[in-house]
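**Q** Just dropping this structure here.
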Amino acid sequence: MDCIFCKIVAGAIPSKKVREDETLLAFYDIEPKAPIHILVIPKKHVASLADAKKADEALLGRLLIAAADIAREQGLARGFRVVISTGAEGGQTVDHLHLHVMGGRQMHWPPG
Ligand code: 5GP
Ligand code: ZN
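Sequential numbering from 2 applies to the sequence shown in our numbering.
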């Protein structure tokens, strides 16, 4: 499979892991856009949020709970942002669902 995040899950591409369980993996973004910038991904290949199915409900919940746990562990008590870029116009550049967990600086609205 020609998917960079599937390769990270498989260990074929190295990553700096933050957490891992049987369903998900979290690792530091290679090009951080905030002092803390972590990606949380499902281990199974889901191309984007738009491709998530009813059967993925529990998985999506786990990803969000993991994002909140990670933010807590990273000391982001003052706040953080979770971003899910979806599709070309949504700015998605890797076609494997991922949550950006970003914090450690003031976020602004609207994002670019
Ligand atoms: P998107 O642009 O799809 O919202 O987010 C993709 C993210 O994946 C980007 O923030 C980019 O820096 C990150 N990324 C792309 N390739 C790699 C990689 O090989 N390793 C890691 N750790 N992050 C990556
Ligand atoms: Zn994939």
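Backbone N, C-alpha and C define an ideal beta-carbon position, used for all residues, glycine too.
Being a predicted model, the structure only gives us computed values, none of them experimental.
Runs of 3 residues minimum, wholly inside the region 23–100: which ones carry the beta strand (DSSP E) assignment?
**A** Counting whole runs of 3 or more residues, the region 23–100 contains the beta strand (DSSP E) stretches 25–29, 37–43, 82–84.
**Q** With DSSP collapsed to three states, give me the class of Lys18.
**A** Position 17 of the sequence shown, counting from 1, holds the residue named residue 18. Three-state result, Lys18: strand.
**Q** Quick one: residues in its chain with C-beta nearer than 6 Å to the C-beta of His99, no 5 flanking neighbours on either side, listed in chain order?
**A** Residue mapping note: residue 99 aligns to position 98 of the sequence shown, counting from 1. Leu40, Ile42, listed in sequence order.
**Q** Whose C-beta lies closer than 6 Å to the C-beta of Gly91 among residues of the same chain, with five residues either side of it excluded?
**A** Translated into the one-based positions of the sequence shown, residue 91 becomes position 90. Excluding sequence neighbours, Gly91 sits near nothing in its chain.
**Q** What number of angstroms, rounded off, separates the C-alpha of Phe28 from the C-alpha of Arg20?
**A** Residue numbering aside, residue 28 sits at position 27 when the sequence shown is read from its first letter. Residue numbering aside, residue 20 sits at position 19 when the sequence shown is read from its first letter. Distance between the alpha carbons of Phe28 and Arg20 is about 7 Å.
**Q** List the DSSP bridge partners of Met103.
**A** Counting from one through the sequence shown, the residue named residue 103 turns up at place 102. Beta-bridge pairing links Met103 to His38, Arg82.
**Q** Assuming the contact rule is C-beta atoms closer than 8 Å, Leu25 and Lys44 should be a hit. Round their C-beta distance to whole Å, please.
**A** Start at 1 with the first residue of the sequence shown, and residue 25 comes out as number 24. Start at 1 with the first residue of the sequence shown, and residue 44 comes out as number 43. With a Cβ gap of about 6 Å, Leu25 and Lys44 count as contacting.
**Q** Just to check, is the beta-carbon of Ile71 closer than 8 Å to a non-hydrogen atom of the ligand 5GP?
**A** Here residue 71 corresponds to residue number 70 of the sequence shown, with the count starting at 1. Ile71: no, Cβ never under 8 Å from the ligand 5GP.
**Q** Apart from the five residues just before and just after Ile9, which ones in its own chain have a Cβ nearer than 6 Å to its Cβ?
**A** For the purposes of this step, residue 9 is taken as residue 8 along the sequence shown, with counting starting at 1. Cβ neighbours of Ile9 beyond the five flanking positions: Ser16.
**Q** Val93 to Leu50, Cα distance in whole Å?
**A** As a working mapping, residue 93 is identified with position 92 in the sequence shown. As a working mapping, residue 50 is identified with position 49 in the sequence shown. In the sequence under discussion, the amino acid at residue 93 is Gln, which differs from the Val named in the question. Using only the alpha carbons, I get a separation of about 10 Å.
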